[in-house]
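Following: one structure in structure tokens, then a few remarks.
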Amino acid sequence: MNFLVLLPFWAYTAKMLSTMEEVYTDGNICYVSLNKPYRILKPLLEEGNLHPERFRVIDAVTRSVMHLSTPERNCVFVSSPNAFDELQQRIVETLAKDKCRLLVFDSISSLLIYLKEEPALAYLKKISDTAEMFRCEALFTVLKENLDDSLVKRLGLIMDKTVDMTRE
Amino acid sequence: MTELTISGFNFTELLRKRLPIYHKAGGGKITLLDTPQQYHLPVTLELLRVLTTEFDSSGVYMTTMKVYSELVPILDGQGVDVSKIYFVDVVSKMYGLEPERTPRCEFVSSPINIQSIKNAVSGYLDKLTSQRRFVVFDSLTTILLYNSLPRIVQFTTDIAEHLKAQHVDAILVMMTTAKGSTNDKLIAELKPILDDRIDIPD
């Protein structure tokens, strides 16, 4: 099962993460970040009622912006957000090794900076298929205001369900 | 002399032709530079090189691309005269770094904090002594990822008016994205304030 999750702009990551953890009470969560560095995510995971040890983060932004001197526990880094093959490889490795229940891809809005519409849709399908191969559900976030309705509809065609969190 | 050519398109030559026109017109021109993501780095480096070395301009460079400490050696290595640039680094603090204070760079807490970006840019304008002054926003596309469209339109419009009044040229770097994305909407919203647009072919 895969989900398209429409998000508003403001301060939604923490709420989204806690909702995910409430829904997926067991197993690990693989979090692919194309826009938030692990150093931003880490405090969000450590705050509130979250269990950071359940999250496996694939950080695709930090290494393109700065040199990394120390490795982080529960996080792997990809050289840049547009290193798509490398990102796919890290996803496969993480899902195979850590037996994740859920893959979170954050976000389609970021992906659309690096890929045009058609290849982006093809890439998302590939990620979705990869998750399915590992019997893992997939959740793809998108900033609702970032896309027009026709693109949201096209994305909806490759997803099983669309969840609009902007209405809450 | 080094020139940047992309898919047969001579970017350096284009800059050489267009930038002097702005200056003759009194400065204060707003240019949108739309580049495919894969050319973002070389295009930005060449833009800064031409501005600082060929046109003897000085200016402010807002960066979301690299942290200041890593950016300066890269610019230096590409022949950019970094002594003519003040930096507004929007990423270091977001990535949890605690950069050493320097008069050449203002470190803004995050791309969400657009008022601080505006203040930092404005604060440096008075320090620019060159006749030709510029501000490069690199990039609005990244800033847009962390802010709503109306906020960015307001931010860009306000700062463009301020720069025009001060006869400072502005180059708004954006990265080509999918049709129907906010990036496209932002470009459409900014049309009234733009004096020029440069599109780098894919």
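Protein sequences, first through last, are from chains A and B.
Read in order, the letters of the first sequence are residues 0 to 167 in numbering that gives the first Met the number 0.
Read in order, the letters of the second sequence are residues 0 to 201 in numbering that gives the first Met the number 0.
All C-beta atoms, glycine included, are put in the ideal place defined by N, C-alpha and C.
Notebook entry, point to check: Applying a beta-carbon distance threshold of less than 7 Å, which residues of chain A neighbour Y94 (chain B)?
Noted result: By Cβ distance, chain A contributes P36, R38, T61, V64, M65.
Exercise. Should V60 (chain A) and N27 (chain A) be called a contact, given that it needs their Cβ atoms to be closer than 9 Å?
Worked result: Result no, Cβ atoms of V60 (chain A) and N27 (chain A) do not sit closer than 9 Å.
- Item | Inter-residue Cα distance where the pair is L32 (chain B) and R89 (chain A) | 34 Å
Q.
Would you call the region 67 to 76 of chain B in contact with the region 12 to 25 of chain A, where contact means no fewer than 3 C-beta pairs closer than 8 Å?
A. The way I'd put it, the region 67 to 76 of chain B doesn't touch the region 12 to 25 of chain A; fewer than three beta-carbon pairs between them come closer than 8 Å.
Any chance you could list the beta strand (DSSP E) runs of at least 3 consecutive residues sitting entirely within the region 44 to 70 of chain A, in chain order?
-> Entirely contained in the region 44 to 70 of chain A, the beta strand (DSSP E) runs reaching 3 residues are, in chain order, 54 to 58.
Can you list, in chain order, the residues of its chain whose CB lies under 6 Å from that of R106 (chain B), leaving out five sequence neighbours each side? What sits at residue 106 (chain B) in the sequence shown is Phe, not Arg. Around F106 (chain B): D88, S91, K92, P98.
Could you please give the first and the last residue of the uninterrupted beta strand (DSSP E) stretch that includes Y67 (chain B)?
-> Not the beta strand (DSSP E): Y67 (chain B) falls in the alpha helix (DSSP H), residues 67 to 76.
Using a Cβ-Cβ cut-off of less than 8 Å, give me the residues of the region 87 to 119 of chain A that come near chain B, in sequence order. S108, S109, L111, I112, Y113, L114, K115, E116, A119
#### Entry: Proximal chain A residues relative to N146 (chain B), where beta-carbon distance stays under 8 Å
F8
Exercise for the section: Please state if the CB of I84 (chain B) and the CB of V59 (chain B) are separated by a distance shorter than 9 Å. Expected result: yes
- [ ] For D58 (chain A), count neighbouring C-beta atoms within 10 Å of its own C-beta (all shown protein chains included) and say buried if the count is 16 or more, exposed if not.
- [x] By the C-beta density criterion, D58 (chain A) is buried, having at least 16 other C-beta atoms within 10 angstroms.
Is it buried or exposed, G25 (chain B), if we count other Cβ atoms within 10 angstroms and call 16 or more buried? exposed
Just to make sure I have the definition right: I need the residues of chain A whose C-beta is within less than 7 Å of the C-beta of M174 (chain B). Which are they? Against chain A, a Cβ distance below 7 Å from M174 (chain B) picks out I112.
Problem set entry | Among A:N73, A:P7, A:F83, A:L67, the one whose alpha carbon lies nearest that of K96 (chain A) | A:N73
Which residues, in order along the region 126 to 152 of chain A, keep a beta-carbon less than 7 Å from a beta-carbon of chain B? E144, N145, L146, D147, S149, L150
Counting C-beta neighbours from all protein chains within 10 Å, is the total for L156 (chain A) 16 or more, i.e. buried, or is it exposed?
exposed
**OP:** Using DSSP bridges, identify the partner residues of Y145 (chain B).
**Re:** For Y145 (chain B), which the question treats as bridged, DSSP gives no partner whatsoever.
- Task: Compare the C-beta of N81 (chain A) with all C-beta atoms of chain B and state if any pair is closer than 9 Å.
- Result: True, the Cβ-Cβ gap to chain B drops below 9 Å.
Q.
I need the DSSP call for F83 (chain A), collapsed to helix, strand or coil.
A. helix
Subject >> Whole-Å CB distance - I107 (chain A) paired with T140 (chain A), under 8 Å assumed >> reply: 7 Å
Contacting positions in the region 84 to 108 of chain B - beta carbon closer than 9 Å to chain A
V90, S91, M93, Y94, G95, L96
Just to confirm, are T63 (chain B) and L142 (chain A) a CB contact at a threshold of 9 Å?
no
Between V162 (chain A) and the rest of its own chain, which residues show a CB-CB distance below 8 Å, the 5 nearest in sequence each way excluded? F2, L3, V4, L5
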